[in-house]
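Taking full-length UniProt numbering, I'd label the letters of the sequence shown as residues 247 to 607. Contents: one structure, followed by commentary.
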Amino acid sequence: WEVDKGPYPHFMLKEIHEQPESLARLLREVIDIESGALKDIVPTVDFRGADRIVMVACGTAHYATHVAKYWIERFARIPVEIEIASEFRYRPRVHGKHEIAIFVSQSGETADTLAALKDVQGHVTKTLAVVNVPTSTMARDADAVLTIEAGPEIGVASTKAFTGQMLALLALALKAGCDRGVVAPEMLSALVDDLVTLPRLVSETLALSGDIDQIARNLVQSEHVLFLGRGIQYPIACEAALKFKEITYVHADGYAAGELKHGPIALVDDAMPVVVFDGADALTEKTASNAAEVVARGARMVRIGASVEVCVAGVRTPASSEVVEPFVNAVVLQLLAYQAALAKGTNVDQPRNLAKSVTVE
Ligand code: G6P
């Protein structure tokens with residue numbers, strides 16, 4: 247693996263730009279591109295009798311599990327719990343009879359996630375680690391491993407690992423769905439057709455860098471930024487806020503758009519920019535009405551989505567299928583945070599107080 251910055255000024259930017267390649271590599275690991283069949287990615291994990299899946303992680307990896315919860319419940323019809331490792335470890339838990347516990351970590355060394363894995367051993371049917379580092383402690387300790395094939399990630403703010411984690415978990419959701427007879431062969435083949443467009447659509451999104459730059463420069467002038475989304479765009483909004491605060495030091499919050507009226511709307515005025523992730527899904531109209539509520543209160547609004555009108559401040563993303571959209575939006579949020587940090591002049595690759603891998607509690 248190459249671990250220099252190449253032509254890029256920062257590892258973070260290099261890693262953002264590596265995503266078409268890292269996702270194509272992972273796609274080849276999980277799908278037989280010729281035949282469109284899913285590969286037997288985790289042969290020792292049997293999803294057929296599973297009555298529950300719990301996914302445990304920290305930071306960005308946690309938001310990848312949050313995105314994947316929608317996919318696993320939809321495609322495999324298994325109830326999913328998502329947990330922050332530092333919370334999961336220290337509370338009494340009730341396990342299912344046939345529960346699969348999935349631990350997601352770029353490094354495979356995060357102390358809380360590792361401890362959570364050790365804790366559940368013997369109490370769940372199977373433990374599965376989804377990691378980027380195949381030689382990590384987590385990969386060694388779990389019953390089964392799925393590697394996200396992202397290559398070394400040096401920038402402290404996780405980028406290509408996030409999209410790799412989402413794709414690996416989506417492949418697991420489809421595998422579980424096929425094994426349980428929920429995903430029929432025609433449905434799988436349509437989804438695989440969508441997935442093969444992923445590297446190209448991610449490349450097209452990277453080309454929107456110029457549009458994103460102007461928005462990033464405006465956002466970073468503010469003291470607070472609110473990111474909103476509904477459904478699968480909600481964890482994307484949370485990851486956007488995390489990335490933004492990590493590297494720009496501007497306070498940012500990620501919120502479910504429908505929850506806005508239960509609190510955060512009190513903060514909205516003309517000094518509060520609100521960034522809305524519009525999904526091209528059944529929730530579009532509802533998100534649009536939440537967006538209208540903030541505009542009515544004078545907020546500066548930025549919309550991100552494939553159906554964004556050109557006249558609106560925002561980023562018009564390439565049209566993509568529902569399963570690909572979170573990846574496209576992930577690239578936008580990464581570039582938005584990166585360019586905002588650049589405008590502010592922070593240390594993008596090594597933000598203050600943060601570590602790449604938190605190996606102590
Ligand atoms: C640190 C990093 C984050 C990362 C989190 C979890 O906080 O700064 O970027 O998401 O740890 O790390 P892991 O290696 O377990 O994915």
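For glycine and all other residues, C-beta sits at the position ideal for the given N, C-alpha and C. Computed from a predicted model, the values in this text were never measured in an experiment.
{"Asked": "GLU261, buried or exposed, once every other Cβ within 10 Å from all chains shown has been counted against 16", "Found": "buried"}
{"Asked": "Check: GLY544 C-beta below 6 Å from any heavy atom of the ligand G6P", "Found": "no"}
{"Asked": "GLY477 beta carbon near the ligand G6P (any heavy atom closer than 6 Å)", "Found": "no"}
{"Asked": "Runs of alpha helix (DSSP H) wholly within the region 457 to 532 (minimum 4 residues, chain order)", "Found": "479 to 494"}
{"Asked": "Cβ separation of ASP387 and LEU363, assumed to be a contact under 8 Å, to the nearest whole Å", "Found": "6 Å"}
{"Asked": "The region 341 to 348 touching the region 374 to 381, judged by at least three CB pairs closer than 8 Å", "Found": "yes"}
{"Asked": "Under the three-state DSSP convention, the category THR393 falls into", "Found": "strand"}
{"Asked": "Stretch-stretch touch, CB-based, cutoff 8 Å, three pairs: the region 422 to 440 with the region 507 to 514", "Found": "no"}
{"Asked": "heavy atom of the ligand G6P below 6 Å from GLN352 C-beta", "Found": "yes"}
{"Asked": "DSSP state of LEU420 mapped onto helix, strand, coil", "Found": "helix"}
{"Asked": "Pick from ILE400, VAL541, TYR316 that is closest to LEU259, judged by C-alpha positions", "Found": "ILE400"}
{"Asked": "The region 289 to 297 / the region 271 to 279 touching (three or more Cβ pairs under 8 Å)", "Found": "no"}
{"Asked": "Those runs of the beta strand (DSSP E) which lie wholly inside the region 283 to 324 and span at least 3 residues", "Found": "298 to 303"}
{"Asked": "Buried versus exposed, by CB contacts within 10 Å (16 or more), ARG476", "Found": "buried"}
{"Asked": "Any non-hydrogen atom of the ligand FMN closer than 6 Å to CYS484 Cβ", "Found": "You won't find the ligand FMN in this model; what it holds is the ligand G6P."}
{"Asked": "Of the residues PHE321, ARG339, GLY410, the one placed nearest PRO431, counting alpha carbons only", "Found": "PHE321"}
{"Asked": "Burial state of GLN585 (16 or more Cβ within 10 Å)", "Found": "buried"}
{"Asked": "Paired residues, beta bridge with ASP278 - DSSP", "Found": "ALA283"}
{"Asked": "Nearest candidate by alpha-carbon position, reference VAL471, set LEU454, HIS497, THR290", "Found": "HIS497"}
{"Asked": "Contacts around VAL438, its chain only, beta-carbon distance under 7 Å, and the 5 residues preceding and following it disregarded", "Found": "ILE277, GLY282"}
{"Asked": "CA nearest to the CA of SER603, picked from LYS285, GLN352, SER332, LYS315", "Found": "GLN352"}
{"Asked": "Proximity test, ALA307 beta-carbon vs the ligand G6P heavy atom, cut-off 6 Å", "Found": "yes"}
{"Asked": "Buried or exposed by the 16-neighbour rule on C-beta atoms within 10 Å, applied to SER553", "Found": "exposed"}
{"Asked": "First and last residue of the uninterrupted alpha helix (DSSP H) at LEU579", "Found": "571 to 590"}
{"Asked": "Beta strand (DSSP E) segments (min. 3 residues) lying fully within the region 352 to 389", "Found": "372 to 377"}
{"Asked": "C-beta contact flag for VAL448 and PRO266 at 7 Å", "Found": "yes"}
{"Asked": "Paired residues, beta bridge with ILE348 - DSSP", "Found": "MET301, LEU374"}
{"Asked": "Proximity of VAL466 and GLN596 at Cβ, strictly below 7 Å", "Found": "no"}
{"Asked": "Assigned secondary structure, GLY401 (DSSP; H/G/I helix, E/B strand, else coil)", "Found": "coil"}
{"Asked": "Option nearest TYR480 by Cα separation, candidates VAL521, VAL442, LEU454, LEU444", "Found": "VAL521"}
{"Asked": "Stretch-stretch touch, CB-based, cutoff 8 Å, three pairs: the region 566 to 573 with the region 440 to 447", "Found": "yes"}
{"Asked": "Three-state class that DSSP yields for GLU333 in the structure shown", "Found": "helix"}
{"Asked": "Counted within 10 angstroms of its Cβ, other Cβ atoms place ARG546 as buried (16 or more) or exposed", "Found": "buried"}
{"Asked": "Inter-residue spacing [alpha-carbon to alpha-carbon] between VAL300 and ARG598", "Found": "32 Å"}
{"Asked": "Delimiting residues of the beta strand (DSSP E) encompassing VAL561", "Found": "560 to 562"}
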